[in-house]
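K.L.:
Numbering (the numbering used here), first residue to last: 185 to 554.
The beta-carbon is built from N, C-alpha and C at its ideal position, and this holds for glycine as well.
One structure follows; several queries about it will come next.
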(Lines of atoms letter the chains of each structure in order from A and count residues from 1; the text may use other names and numbers.)
(Lines give C-alpha, C1' and ligand atoms only; values in the text may rest on other atoms or scores of the structure.)
Protein backbone atom coordinates (compact mmCIF):
# COMPACT_ATOMS: atom_id res chain seq x y z
CA UNK A 1 0.00 0.00 0.00
CA UNK A 2 2.85 2.37 0.86
CA UNK A 3 4.57 1.57 -2.44
CA UNK A 4 1.36 2.30 -4.33
CA UNK A 5 1.01 5.64 -2.55
CA UNK A 6 4.52 6.71 -3.49
CA UNK A 7 3.96 5.51 -7.05
CA UNK A 8 0.80 7.62 -7.29
CA UNK A 9 2.60 10.69 -5.98
CA UNK A 10 5.44 10.20 -8.43
CA UNK A 11 3.00 9.91 -11.32
CA UNK A 12 1.14 13.01 -10.12
CA UNK A 13 4.34 15.02 -10.12
CA UNK A 14 5.22 13.85 -13.61
CA UNK A 15 1.76 14.71 -14.91
CA UNK A 16 2.00 18.30 -13.72
CA UNK A 17 5.69 18.87 -14.31
CA UNK A 18 6.87 20.85 -17.30
CA UNK A 19 7.74 19.15 -20.53
CA UNK A 20 11.42 19.25 -21.50
CA UNK A 21 12.40 22.75 -22.64
CA UNK A 22 8.98 24.13 -21.63
CA UNK A 23 9.28 27.36 -19.68
CA UNK A 24 7.13 27.96 -16.66
CA UNK A 25 4.85 30.98 -16.87
CA UNK A 26 6.97 32.74 -14.24
CA UNK A 27 10.07 32.21 -16.36
CA UNK A 28 8.46 33.57 -19.51
CA UNK A 29 7.74 36.84 -17.72
CA UNK A 30 10.84 36.84 -15.50
CA UNK A 31 11.87 40.29 -16.75
CA UNK A 32 8.32 41.69 -16.79
CA UNK A 33 6.29 41.06 -13.63
CA UNK A 34 5.47 38.42 -11.04
CA UNK A 35 3.12 35.63 -12.14
CA UNK A 36 0.86 34.72 -9.22
CA UNK A 37 -1.87 32.29 -8.30
CA UNK A 38 -4.61 32.27 -5.67
CA UNK A 39 -4.64 29.15 -3.52
CA UNK A 40 -7.17 27.43 -1.28
CA UNK A 41 -6.61 25.41 1.90
CA UNK A 42 -6.14 22.09 0.09
CA UNK A 43 -3.50 23.54 -2.17
CA UNK A 44 -1.31 24.99 0.58
CA UNK A 45 -1.38 21.84 2.72
CA UNK A 46 2.01 20.10 3.05
CA UNK A 47 0.62 16.90 1.49
CA UNK A 48 -0.57 18.69 -1.68
CA UNK A 49 2.16 17.09 -3.81
CA UNK A 50 0.51 17.40 -7.20
CA UNK A 51 -0.45 21.00 -6.59
CA UNK A 52 3.06 21.83 -5.37
CA UNK A 53 4.61 20.57 -8.60
CA UNK A 54 2.30 22.83 -10.59
CA UNK A 55 2.75 25.87 -8.35
CA UNK A 56 6.53 25.62 -8.15
CA UNK A 57 6.88 25.22 -11.92
CA UNK A 58 4.79 28.21 -12.97
CA UNK A 59 4.33 30.79 -10.19
CA UNK A 60 6.56 33.12 -8.18
CA UNK A 61 3.81 34.98 -6.31
CA UNK A 62 1.03 33.59 -4.13
CA UNK A 63 -2.33 34.97 -3.03
CA UNK A 64 -4.83 33.41 -0.60
CA UNK A 65 -8.21 32.81 -2.17
CA UNK A 66 -10.31 32.76 1.01
CA UNK A 67 -8.21 31.61 3.95
CA UNK A 68 -7.25 35.07 5.27
CA UNK A 69 -10.66 36.67 4.87
CA UNK A 70 -12.18 37.83 8.14
CA UNK A 71 -14.86 35.15 8.57
CA UNK A 72 -12.29 32.36 8.31
CA UNK A 73 -9.29 33.79 10.10
CA UNK A 74 -11.23 35.68 12.82
CA UNK A 75 -14.64 34.01 13.19
CA UNK A 76 -15.34 35.22 16.75
CA UNK A 77 -14.23 38.22 18.78
CA UNK A 78 -11.57 36.37 20.76
CA UNK A 79 -10.96 33.54 18.27
CA UNK A 80 -8.41 33.42 15.47
CA UNK A 81 -7.67 30.49 13.17
CA UNK A 82 -4.20 30.66 11.65
CA UNK A 83 -3.85 27.13 10.26
CA UNK A 84 -4.36 28.24 6.69
CA UNK A 85 -2.26 31.36 7.09
CA UNK A 86 0.66 29.51 8.62
CA UNK A 87 0.66 26.80 5.93
CA UNK A 88 0.24 29.40 3.21
CA UNK A 89 3.15 31.52 4.44
CA UNK A 90 5.32 28.42 4.87
CA UNK A 91 4.64 27.48 1.25
CA UNK A 92 5.56 30.98 0.12
CA UNK A 93 8.83 30.82 2.04
CA UNK A 94 9.61 27.39 0.60
CA UNK A 95 9.11 28.70 -2.93
CA UNK A 96 10.80 32.05 -2.32
CA UNK A 97 7.60 33.62 -3.65
CA UNK A 98 6.34 37.19 -3.35
CA UNK A 99 3.49 36.44 -0.96
CA UNK A 100 0.30 38.52 -0.83
CA UNK A 101 -2.26 38.96 1.97
CA UNK A 102 -5.91 39.13 0.87
CA UNK A 103 -7.79 40.87 2.32
CA UNK A 104 -7.91 42.80 5.59
CA UNK A 105 -11.19 44.71 5.17
CA UNK A 106 -14.13 43.74 2.92
CA UNK A 107 -17.91 43.98 3.07
CA UNK A 108 -18.31 40.27 2.27
CA UNK A 109 -17.29 37.28 4.40
CA UNK A 110 -17.23 39.34 7.58
CA UNK A 111 -19.21 38.19 10.64
CA UNK A 112 -22.08 40.27 11.99
CA UNK A 113 -20.42 40.53 15.41
CA UNK A 114 -17.75 42.81 13.91
CA UNK A 115 -20.31 45.61 13.72
CA UNK A 116 -22.13 44.92 16.98
CA UNK A 117 -21.60 45.17 20.72
CA UNK A 118 -21.96 42.15 23.01
CA UNK A 119 -25.62 43.10 23.46
CA UNK A 120 -26.22 43.26 19.71
CA UNK A 121 -26.29 47.04 19.40
CA UNK A 122 -24.60 48.71 16.45
CA UNK A 123 -21.10 49.95 17.24
CA UNK A 124 -20.27 53.60 16.89
CA UNK A 125 -17.52 54.81 14.56
CA UNK A 126 -14.72 54.82 17.11
CA UNK A 127 -15.51 51.35 18.41
CA UNK A 128 -15.74 49.88 14.89
CA UNK A 129 -12.44 51.38 13.81
CA UNK A 130 -10.79 50.15 17.01
CA UNK A 131 -12.08 46.64 16.29
CA UNK A 132 -10.84 46.82 12.70
CA UNK A 133 -7.43 48.05 13.81
CA UNK A 134 -7.12 45.22 16.34
CA UNK A 135 -7.88 42.72 13.57
CA UNK A 136 -5.27 44.25 11.28
CA UNK A 137 -2.68 44.32 14.04
CA UNK A 138 -3.22 40.67 14.93
CA UNK A 139 -3.45 39.17 11.44
CA UNK A 140 -0.95 41.36 9.66
CA UNK A 141 1.36 41.43 12.66
CA UNK A 142 1.60 37.64 12.74
CA UNK A 143 3.01 37.61 9.21
CA UNK A 144 5.09 40.78 9.36
CA UNK A 145 8.06 40.50 7.04
CA UNK A 146 6.70 37.28 5.53
CA UNK A 147 3.70 38.57 3.61
CA UNK A 148 5.14 41.24 1.33
CA UNK A 149 1.99 42.99 0.12
CA UNK A 150 -1.59 43.34 1.39
CA UNK A 151 -4.96 44.05 -0.17
CA UNK A 152 -5.86 46.36 2.69
CA UNK A 153 -9.38 47.25 1.53
CA UNK A 154 -11.37 45.33 -1.05
CA UNK A 155 -14.28 46.48 -3.22
CA UNK A 156 -15.36 49.66 -1.43
CA UNK A 157 -16.73 51.49 -4.51
CA UNK A 158 -19.85 51.27 -6.66
CA UNK A 159 -19.83 51.19 -10.44
CA UNK A 160 -20.53 54.94 -10.66
CA UNK A 161 -17.50 55.75 -8.50
CA UNK A 162 -19.46 56.44 -5.31
CA UNK A 163 -18.66 54.71 -2.03
CA UNK A 164 -20.35 51.36 -1.50
CA UNK A 165 -22.99 51.65 1.22
CA UNK A 166 -21.54 48.79 3.26
CA UNK A 167 -21.88 48.42 7.02
CA UNK A 168 -18.34 49.76 7.26
CA UNK A 169 -19.31 52.91 5.39
CA UNK A 170 -22.67 53.34 7.14
CA UNK A 171 -20.93 53.50 10.53
CA UNK A 172 -17.54 55.04 9.75
CA UNK A 173 -17.84 56.70 6.34
CA UNK A 174 -14.76 56.84 4.15
CA UNK A 175 -12.57 57.17 7.24
CA UNK A 176 -12.60 53.38 7.72
CA UNK A 177 -10.54 53.07 4.54
CA UNK A 178 -8.03 55.68 5.65
CA UNK A 179 -7.77 54.14 9.11
CA UNK A 180 -7.18 50.68 7.62
CA UNK A 181 -4.28 51.89 5.46
CA UNK A 182 -2.78 53.89 8.31
CA UNK A 183 -2.89 50.89 10.64
CA UNK A 184 -1.49 48.54 8.00
CA UNK A 185 1.52 50.81 7.47
CA UNK A 186 2.01 51.09 11.22
CA UNK A 187 2.00 47.31 11.67
CA UNK A 188 4.42 46.57 8.81
CA UNK A 189 6.11 49.66 7.33
CA UNK A 190 7.96 47.50 4.78
CA UNK A 191 4.86 45.88 3.27
CA UNK A 192 3.31 47.09 0.02
CA UNK A 193 -0.29 48.23 0.48
CA UNK A 194 -3.01 47.92 -2.16
CA UNK A 195 -6.60 48.88 -2.82
CA UNK A 196 -8.34 46.12 -4.81
CA UNK A 197 -11.56 46.14 -6.87
CA UNK A 198 -13.33 44.70 -9.90
CA UNK A 199 -14.41 46.52 -13.08
CA UNK A 200 -11.65 49.08 -12.65
CA UNK A 201 -11.58 49.18 -16.46
CA UNK A 202 -14.84 51.17 -16.20
CA UNK A 203 -14.07 54.92 -16.28
CA UNK A 204 -16.68 56.01 -13.74
CA UNK A 205 -15.61 53.51 -11.12
CA UNK A 206 -11.94 54.11 -11.72
CA UNK A 207 -12.35 57.86 -11.28
CA UNK A 208 -13.90 57.41 -7.84
CA UNK A 209 -11.14 55.03 -6.79
CA UNK A 210 -8.30 57.20 -8.07
CA UNK A 211 -9.72 60.43 -6.67
CA UNK A 212 -9.83 58.86 -3.23
CA UNK A 213 -6.44 57.15 -3.56
CA UNK A 214 -4.90 60.51 -4.47
CA UNK A 215 -6.66 62.09 -1.50
CA UNK A 216 -5.10 59.52 0.82
CA UNK A 217 -1.69 59.96 -0.76
CA UNK A 218 -1.94 63.75 -0.34
CA UNK A 219 -2.60 63.18 3.37
CA UNK A 220 0.56 61.09 3.66
CA UNK A 221 -1.25 57.74 3.81
CA UNK A 222 0.70 54.94 2.12
CA UNK A 223 -1.02 53.29 -0.85
CA UNK A 224 1.30 51.69 -3.39
CA UNK A 225 -0.88 50.07 -6.02
CA UNK A 226 -4.40 49.68 -7.34
CA UNK A 227 -5.45 46.09 -7.85
CA UNK A 228 -7.38 45.66 -11.10
CA UNK A 229 -9.29 42.42 -10.73
CA UNK A 230 -9.05 40.68 -14.10
CA UNK A 231 -12.39 38.89 -14.12
CA UNK A 232 -12.88 39.04 -17.87
CA UNK A 233 -14.97 37.15 -20.39
CA UNK A 234 -13.94 36.06 -23.87
CA UNK A 235 -15.88 39.04 -25.24
CA UNK A 236 -15.16 41.89 -22.86
CA UNK A 237 -14.11 44.30 -21.65
CA UNK A 238 -12.18 45.50 -24.67
CA UNK A 239 -8.40 45.63 -24.68
CA UNK A 240 -8.71 49.39 -25.14
CA UNK A 241 -10.79 49.72 -21.97
CA UNK A 242 -8.33 47.63 -19.94
CA UNK A 243 -5.40 49.62 -21.33
CA UNK A 244 -7.04 52.92 -20.43
CA UNK A 245 -7.30 51.72 -16.84
CA UNK A 246 -3.65 50.72 -16.69
CA UNK A 247 -2.55 54.07 -18.11
CA UNK A 248 -4.70 56.20 -15.82
CA UNK A 249 -3.64 54.34 -12.68
CA UNK A 250 0.01 54.75 -13.62
CA UNK A 251 -0.44 58.42 -14.51
CA UNK A 252 -2.04 58.96 -11.08
CA UNK A 253 1.17 57.74 -9.47
CA UNK A 254 0.31 54.15 -8.52
CA UNK A 255 1.53 50.73 -9.58
CA UNK A 256 -0.93 48.42 -11.32
CA UNK A 257 -1.51 44.90 -10.04
CA UNK A 258 -3.66 42.51 -12.08
CA UNK A 259 -5.00 40.69 -9.08
CA UNK A 260 -7.66 38.14 -10.03
CA UNK A 261 -7.23 37.03 -13.62
CA UNK A 262 -9.54 34.52 -15.26
CA UNK A 263 -11.52 34.40 -18.51
CA UNK A 264 -15.14 33.21 -18.43
CA UNK A 265 -15.86 31.24 -21.61
CA UNK A 266 -19.56 30.71 -20.86
CA UNK A 267 -22.51 32.99 -21.68
CA UNK A 268 -23.71 35.17 -18.82
CA UNK A 269 -27.04 36.66 -17.86
CA UNK A 270 -27.27 40.40 -18.25
CA UNK A 271 -26.07 42.62 -15.39
CA UNK A 272 -23.43 40.15 -14.21
CA UNK A 273 -20.15 41.86 -15.04
CA UNK A 274 -17.32 41.81 -12.56
CA UNK A 275 -17.46 39.94 -9.25
CA UNK A 276 -20.48 41.12 -7.30
CA UNK A 277 -21.30 38.03 -5.24
CA UNK A 278 -24.85 39.25 -4.59
CA UNK A 279 -25.63 38.48 -8.24
CA UNK A 280 -26.25 34.78 -8.69
CA UNK A 281 -28.51 32.66 -10.89
CA UNK A 282 -29.73 29.08 -10.84
CA UNK A 283 -28.16 26.63 -13.29
CA UNK A 284 -29.72 26.21 -16.71
CA UNK A 285 -28.63 24.58 -20.01
CA UNK A 286 -28.57 28.01 -21.68
CA UNK A 287 -25.73 29.20 -19.45
CA UNK A 288 -23.91 25.86 -19.19
CA UNK A 289 -23.27 24.83 -22.82
CA UNK A 290 -19.93 23.05 -22.26
CA UNK A 291 -21.05 20.59 -19.59
CA UNK A 292 -19.49 17.67 -21.49
CA UNK A 293 -16.39 19.58 -22.54
CA UNK A 294 -15.38 22.81 -24.21
CA UNK A 295 -15.68 22.86 -28.00
CA UNK A 296 -12.68 23.33 -30.33
CA UNK A 297 -14.07 26.76 -31.20
CA UNK A 298 -14.27 27.63 -27.50
CA UNK A 299 -10.66 26.58 -26.99
CA UNK A 300 -9.50 28.80 -29.84
CA UNK A 301 -11.49 31.74 -28.47
CA UNK A 302 -10.01 31.30 -24.97
CA UNK A 303 -6.44 31.05 -26.27
CA UNK A 304 -6.87 34.13 -28.45
CA UNK A 305 -8.27 36.12 -25.54
CA UNK A 306 -5.36 35.21 -23.26
CA UNK A 307 -2.91 36.08 -26.04
CA UNK A 308 -4.29 39.60 -26.50
CA UNK A 309 -4.53 40.19 -22.74
CA UNK A 310 -0.92 39.20 -22.10
CA UNK A 311 0.33 41.18 -25.07
CA UNK A 312 -1.25 44.21 -23.42
CA UNK A 313 0.31 43.39 -20.05
CA UNK A 314 3.73 42.89 -21.63
CA UNK A 315 3.35 46.20 -23.48
CA UNK A 316 2.89 47.94 -20.11
CA UNK A 317 5.24 45.83 -18.01
CA UNK A 318 6.85 49.01 -16.70
CA UNK A 319 3.57 49.85 -14.99
CA UNK A 320 2.49 46.38 -13.84
CA UNK A 321 4.06 44.71 -10.80
CA UNK A 322 2.10 41.45 -10.75
CA UNK A 323 -0.38 39.32 -12.71
CA UNK A 324 -2.22 36.82 -10.51
CA UNK A 325 -4.56 34.08 -11.75
CA UNK A 326 -7.63 33.62 -9.56
CA UNK A 327 -7.39 29.88 -9.02
CA UNK A 328 -4.93 27.11 -9.78
CA UNK A 329 -6.95 25.09 -12.30
CA UNK A 330 -10.40 24.88 -13.88
CA UNK A 331 -11.88 22.37 -11.48
CA UNK A 332 -11.37 24.67 -8.49
CA UNK A 333 -12.33 27.97 -10.13
CA UNK A 334 -15.03 30.08 -8.47
CA UNK A 335 -16.48 30.61 -11.96
CA UNK A 336 -18.01 27.15 -11.79
CA UNK A 337 -20.54 28.79 -9.46
CA UNK A 338 -20.59 32.47 -10.50
CA UNK A 339 -22.69 34.14 -11.76
CA UNK A 340 -24.60 30.92 -12.50
CA UNK A 341 -24.43 28.09 -9.97
CA UNK A 342 -23.19 24.62 -10.87
CA UNK A 343 -21.62 25.32 -14.25
CA UNK A 344 -18.67 23.61 -15.93
CA UNK A 345 -16.25 26.39 -16.74
CA UNK A 346 -12.78 26.54 -18.31
CA UNK A 347 -11.33 29.95 -17.36
CA UNK A 348 -7.72 29.18 -16.43
CA UNK A 349 -4.53 28.01 -18.20
CA UNK A 350 -4.74 24.62 -16.41
CA UNK A 351 -7.55 22.13 -17.02
CA UNK A 352 -9.50 19.97 -14.60
CA UNK A 353 -6.65 17.42 -14.51
CA UNK A 354 -4.16 20.19 -13.64
CA UNK A 355 -2.60 19.90 -17.08
CA UNK A 356 -1.41 22.97 -18.94
CA UNK A 357 -3.59 23.92 -21.91
CA UNK A 358 -1.06 24.03 -24.72
CA UNK A 359 -3.07 26.43 -26.89
CA UNK A 360 -3.52 28.89 -24.02
CA UNK A 361 0.15 28.53 -23.03
CA UNK A 362 1.30 29.19 -26.59
CA UNK A 363 -0.97 32.22 -26.82
CA UNK A 364 0.38 33.67 -23.58
CA UNK A 365 3.96 32.99 -24.65
CA UNK A 366 3.47 35.00 -27.84
CA UNK A 367 3.35 38.12 -25.68
CA UNK A 368 7.13 38.05 -25.29
CA UNK A 369 7.99 36.78 -28.76
CA UNK A 370 9.22 39.49 -31.10
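(1) At the level of alpha carbons, what is the spacing between residue 387 and residue 302?
(2) According to the neighbour-count rule (16 or more other Cβ atoms, all chains shown, within 10 Å of its Cβ), is residue 264 buried or exposed?
(3) Tell me, please, which residues DSSP counts as bridged to residue 535.
(4) Tell me whether the beta-carbon of residue 391 lies closer than 9 Å to the beta-carbon of residue 383.
(5) Using three-state DSSP, classify residue 504 as helix, strand or coil.
(6) Taking just the CA atoms, how far does residue 240 sit from residue 268?
(7) Buried or exposed for residue 484, going by 16 or more other Cβ atoms inside 10 Å?
(8) Return the CA-CA distance between residue 537 and residue 234, expressed in angstroms with no decimal places.
(9) In terms of residue numbering, what span does the beta strand (DSSP E) encompassing residue 245 cover?
(10) Pull up the DSSP beta-bridge partners for residue 286, would you.
(11) Which residues in the same chain have their Cβ closer than 6 Å to the Cβ of residue 380, if we skip the five residues on either side of it in sequence?
(12) Taking the alpha helix (DSSP H) that residue 472 belongs to, which residues open and close that run?
(13) With three or more beta-carbon pairs closer than 8 Å as the criterion, would you say the segment 520-529 touches the segment 426-443?
(14) DSSP state of residue 260, grouped into three classes?
(15) Got a sec? Which residues, its chain only, sit under 6 Å from residue 551 by beta carbon, not counting five neighbours each side?
(16) Once DSSP output is grouped into helix, strand and coil, what is the label at residue 395?
(17) Cβ of residue 218 within 9 Å of Cβ of residue 508?
(18) In whole angstroms, what separates the C-alpha of residue 324 from that of residue 450?
(19) First and last residue of the alpha helix (DSSP H) that includes residue 376?
(20) Check whether the segment 240-259 and the segment 268-280 touch, using three or more Cβ-Cβ pairs below 8 Å as the test.
(21) Hey, quick one: how far does the alpha helix (DSSP H) through residue 322 stretch, first residue to last?
(22) Return the bridge partner residues of residue 306 from the DSSP annotation.
(23) Taking the CB atoms as reference points, tell me whether residue 206 and residue 540 lie closer together than 9 Å.
(24) Would you decide whether residue 533 is buried or exposed? Buried here means 16 or more other CB atoms lie within 10 Å of its CB.
(25) Which partner residues of residue 416 appear in the DSSP bridge assignment?
(26) Would you grab the beta carbon distance between residue 312 and residue 355 for me? Rounded to a whole angstrom, and I think it's under 8 Å.
P.N.:
According to the structure shown:
(1) Residue mapping note: residue 387 aligns to position 203 of the chain shown, counting from 1. Residue mapping note: residue 302 aligns to position 118 of the chain shown, counting from 1. Linking residue 387 to residue 302 through their CA atoms gives a straight-line distance of about 42 Å.
(2) The count along the chain shown starts at 1 and reaches residue 264 at position 80. The residue is exposed, with fewer than 16 neighbouring Cβ atoms inside 10 Å.
(3) Within the chain shown, the letter at position 351 stands for residue 535. Residue 535 is not bridged by DSSP to any residue.
(4) Reading the chain shown from its first residue, position 207 is the one you call residue 391. Reading the chain shown from its first residue, position 199 is the one you call residue 383. Their beta carbons are not under 9 Å apart, which means residue 391 does not touch residue 383 by this criterion.
(5) Translated into positions along the chain shown, residue 504 becomes position 320. Assigned with DSSP and collapsed to three states, residue 504 falls in strand.
(6) Working through the chain shown from its first residue, we reach residue 268 at position 84. Working through the chain shown from its first residue, we reach residue 240 at position 56. One C-alpha to the other measures close to 19 Å.
(7) Here residue 484 refers to the residue found at position 300 when the chain shown is read from its first residue. Looking at its Cβ environment, which holds fewer than 16 other Cβ atoms inside 10 Å, residue 484 is exposed.
(8) Translated into positions along the chain shown, residue 537 becomes position 353. Translated into positions along the chain shown, residue 234 becomes position 50. Those two C-alpha atoms are separated by around 10 Å.
(9) Against the chain shown, residue 245 aligns to sequence position 61. Per DSSP, the continuous beta strand (DSSP E) segment holding residue 245 begins and ends at 245-248.
(10) The residue given as residue 286 occupies position 102 in the chain shown. Bridge partners of residue 286 according to DSSP: 335.
(11) Counting from one through the chain shown, the residue named residue 380 turns up at place 196. Excluding positions up to five away in sequence, the list reads 335, 338, 411, 443.
(12) What you label residue 472 is simply residue 288 of the chain shown in a count that begins at 1. Run containing residue 472: none; DSSP gives neither H nor E here.
(13) By the Cβ test, the segment 520-529 is not in contact with the segment 426-443, since fewer than three Cβ pairs between them sit closer than 8 Å.
(14) As a first step, residue 260 must be located in the chain shown, where it is residue number 76. Look at residue 260 here: in three-state DSSP terms it is strand.
(15) To locate residue 551, count along the chain shown from 1; it is residue 367. Sequence-distant Cβ neighbours of residue 551 in its own chain, meaning closer than 6 Å and more than five residues away, are 494, 495, 498.
(16) Within the chain shown, numbered from 1, the residue matching residue 395 stands at position 211. The answer is helix: DSSP assigns residue 395 an H, G or I state.
(17) For this step, residue 218 is matched to residue 34 along the chain shown. For this step, residue 508 is matched to residue 324 along the chain shown. If you check the CB distance, residue 218 and residue 508 come in under 9 Å.
(18) Numbered from 1 along the chain shown, position 140 holds the residue referred to as residue 324. Numbered from 1 along the chain shown, position 266 holds the residue referred to as residue 450. Distance between residue 324 and residue 450, taken at the CA atoms: about 37 Å.
(19) Residue 376 sits at position 192 when you count from the first residue of the chain shown. Boundaries around residue 376 are those of the beta strand (DSSP E), 376-381, since no alpha helix (DSSP H) includes it.
(20) Yes: at least three Cβ pairs fall under 8 Å.
(21) The residue given as residue 322 occupies position 138 in the chain shown. That run of the alpha helix (DSSP H) goes 309-326.
(22) What you label residue 306 is simply residue 122 of the chain shown in a count that begins at 1. DSSP lists 300 as the beta-bridge partner residues of residue 306.
(23) Position 22 of the chain shown, counted from the start, is the residue given in the question as residue 206. Position 356 of the chain shown, counted from the start, is the residue given in the question as residue 540. Yes. Within cutoff.
(24) To locate residue 533, count along the chain shown from 1; it is residue 349. So residue 533 ends up on the buried side.
(25) For this step, residue 416 is matched to residue 232 along the chain shown. Looking at the DSSP assignment, residue 416 forms a beta bridge with 447.
(26) The count along the chain shown starts at 1 and reaches residue 312 at position 128. The count along the chain shown starts at 1 and reaches residue 355 at position 171. For residue 312 against residue 355, the beta-carbon gap comes to about 5 Å, under 8 Å, which counts as contact.
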